[in-house]
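Trainee:
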Ligand SMILES: [Mn+2]
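Residue numbers (the numbering used here): -3 to 340.
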């Protein structure tokens, strides 16, 4: 049973492919705090465009995570936003490619740099309130943005290389929680299999992505676990990253990857939450759903968003007040869902 690009996205795949192939110099970007799918998409698109003889540069709104640098074929392609070089490259570019988000606020300061460029969006998030314009390939049915990137590269028959295959694989791996979440589709496994056939080594990739956490991550986790709380009546479990530990240990944003899966994994949990105070004194919330509660809708009530089962938002402090507000909205969402199920 071979994989084929689903018919409903075939037209958009071709439009985006044409826009990409017409570019001589493209700026690639992704959402704040790039994850495996954002960085994997950038890695694959950059190598593919370079393989076609175009220039491709990666300019992200926040620092490119050190733990994902191995994905990029040539680290010189990564240019810090706000630098003189970034400005020059944006001026010379003829296209901006936004990956793994389609919303203006999610690309932060990069929005200003690419304002005058034609834009292509490749994304699998549900459309939000502030969409980026231009040519787009958006499909929430895709398990990861790299699934869409795969379709574009297939529609062009390559050229392939190891970095393209690895970037696509890592997007699928990380966005499905290592092929566990319900966005793990036959398509996702077929494409992953194809990438292994193209030379990706699952164990090597696993070790680089998950098997080499800095000690500080677990030191932080042990402090955070002391805050773990569970409300059995509503199936809500939450945890807070202690601010002093965060600072003392020199924690980086990507050290927090996966920590929200702990409250989510407690028996009886419908919604898992992680709270963290940011440098600017706001409170960042990660939402994870195990059941029918749509945490994209829930996060939207706090001007955030994401996916049905994984989303985020940032609200004003102080943290105790933020936790109170978010918990009460979460309990209400669970109660509403339980009621709908009783009636249904
Ligand atoms: Mn993604």
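Each residue gets a CB set at the ideal place from its N, CA and C atoms; glycine is no exception. Please read these numbers as outputs of a predicted model, since none were measured by experiment.
Quick check on this structure: which residue in 55, 70, 88 has the alpha carbon closest to the alpha carbon of residue 79?
Mentor: Position 83 of the chain shown, counting from 1, holds the residue named residue 79. The residue with the shortest Cα to Cα distance from residue 79 is 55.
Trainee: Fully enclosed by the stretch 253 to 282, which alpha helix (DSSP H) runs are 4 residues long or longer?
Mentor: Runs found: 257 to 260.
Trainee: When burial is assigned at 16 or more other CB atoms within 10 Å of the CB, is residue 126 buried or exposed?
Mentor: Numbered from its first residue, the chain shown carries residue 126 at position 130. That one is exposed.
Trainee: Counting C-beta neighbours from all protein chains within 10 Å, is the total for residue 165 16 or more, i.e. buried, or is it exposed?
Mentor: In the chain shown, counting from the first residue as 1, residue 165 sits at position 169. Result: buried.
Trainee: Using only Cβ atoms and a threshold of 6 Å, which residues come within that distance of a heavy atom of ligand 1? Order them by chain position.
Mentor: Listed by chain position, these are 33, 96, 120, 140, 141, 171.
Trainee: Just mark residue 87 as buried or exposed, buried being the case when its beta carbon has 16 or more other beta carbons within 10 Å.
Mentor: Translated into positions along the chain shown, residue 87 becomes position 91. Burial call: exposed.
Trainee: Is it buried or exposed, residue 60, if we count other Cβ atoms within 10 angstroms and call 16 or more buried?
Mentor: To locate residue 60, count along the chain shown from 1; it is residue 64. The residue in question, residue 60, is buried, as its Cβ has 16 or more Cβ neighbours within 10 Å.
Trainee: Quick one: using the 10 Å Cβ neighbour count with 16 as the cut-off for buried, is residue 146 buried or exposed?
Mentor: As a first step, residue 146 is located in the chain shown; it is residue number 150 there, counting from the start. Under this definition residue 146 is a buried residue.
Trainee: In chain order, what are the residue ranges of uninterrupted alpha helix (DSSP H) at least 4 long that sit wholly in the stretch 47 to 110?
Mentor: Listed in chain order, the complete alpha helix (DSSP H) runs (minimum 4 residues) inside the stretch 47 to 110 are 80 to 88, 106 to 109.
Trainee: In whole angstroms, give me the CA-to-CA distance for residue 141 and residue 119.
Mentor: Working through the chain shown from its first residue, we reach residue 141 at position 145. Working through the chain shown from its first residue, we reach residue 119 at position 123. The straight-line gap from Cα to Cα measures roughly 5 Å.
Trainee: For the candidate residues 204, 176, 189, 95, whose alpha-carbon lies nearest to that of residue 257?
Mentor: Start at 1 with the first residue of the chain shown, and residue 257 comes out as number 261. Of 204, 176, 189, 95, the residue nearest in Cα terms is 176.
Trainee: Return helix, strand or coil for residue 224, following the three-state DSSP convention.
Mentor: Here residue 224 refers to the residue found at position 228 of the chain shown. Correct three-state label for residue 224: coil.
Trainee: Could you give the first and the last residue of the continuous beta strand (DSSP E) run that contains residue 18?
Mentor: Mapped onto the chain shown, residue 18 falls at position 22. Note, residue 18: premise wrong, no beta strand (DSSP E); alpha helix (DSSP H) at 3 to 18.
Trainee: Going by DSSP, which residues form a beta bridge with residue 306?
Mentor: Taking the chain shown and counting its residues from 1, one reaches residue 306 at position 310. 284.
Trainee: So which of 1, 109, 64 has the shortest CA-CA distance to residue 22?
Mentor: Here residue 22 is taken as the residue at index 26 of the chain shown, counted from 1. That would be 109, whose Cα lies nearest to the Cα of residue 22.
Trainee: Thinking just about the alpha-carbon of each residue, which of 51, -2, 50, 30 is nearest to the one in residue 67?
Mentor: To locate residue 67, count along the chain shown from 1; it is residue 71. It is 30.
Trainee: Return helix, strand or coil for residue 323, following the three-state DSSP convention.
Mentor: Numbered from its first residue, the chain shown carries residue 323 at position 327. Here residue 323 sits in helix by DSSP.
Trainee: Would you call the stretch 243 to 260 and the stretch 284 to 293 touching, i.e. three or more CB-CB distances under 8 Å?
Mentor: They touch, by the three-pair rule.
Trainee: Between the beta-carbon of residue 85 and the beta-carbon of residue 52, is there less than 8 Å?
Mentor: Along the chain shown, one-based indexing puts residue 85 at 89. Along the chain shown, one-based indexing puts residue 52 at 56. Going by C-beta atoms, residue 85 is not nearer than 8 Å to residue 52.
Trainee: Are the beta-carbon atoms belonging to residue 216 and residue 183 less than 8 Å from one another?
Mentor: Along the chain shown, read from residue 1 onward, the residue named residue 216 stands at position 220. Along the chain shown, read from residue 1 onward, the residue named residue 183 stands at position 187. Their beta carbons are not under 8 Å apart, which means residue 216 does not touch residue 183 by this criterion.
Trainee: Quick one: grab the DSSP three-state call for residue 194.
Mentor: Here the question's residue 194 lines up with position 198 in the chain shown. In this structure, residue 194 counts as coil in the three-state DSSP scheme.
Trainee: Are the Cβ atoms of residue 235 and residue 224 separated by less than 8 Å?
Mentor: Along the chain shown, one-based indexing puts residue 235 at 239. Along the chain shown, one-based indexing puts residue 224 at 228. Yes, the Cβ-Cβ distance between residue 235 and residue 224 is below 8 Å.
Trainee: Note the first and the last residue of the continuous alpha helix (DSSP H) segment covering residue 166.
Mentor: Reading the chain shown from its first residue, position 170 is the one you call residue 166. Counting along the chain, the alpha helix (DSSP H) containing residue 166 begins and ends at 158 to 171.
Trainee: Could you say which of 271, 270, 180 lies nearest to residue 137 if we only look at CA atoms?
Mentor: Here residue 137 is taken as the residue at index 141 of the chain shown, counted from 1. Nearest C-alpha to residue 137: 180.
Trainee: What does the alpha-carbon distance come out to for the pair residue 291 and residue 163?
Mentor: Taking the chain shown and counting its residues from 1, the one referred to as residue 291 is at position 295. Taking the chain shown and counting its residues from 1, the one referred to as residue 163 is at position 167. The alpha-carbon atoms of residue 291 and residue 163 are separated by roughly 27 Å.
Trainee: Quick check: what's the CA-CA separation for residue 341 versus residue 99?
Mentor: Because residue 341 is not part of the residues shown, which for the chain are -3 to 340, the question remains open.
Trainee: For residue 238, does the three-state DSSP call read helix, strand or coil?
Mentor: What you label residue 238 is simply residue 242 of the chain shown in a count that begins at 1. Residue state, collapsed to three classes: coil.
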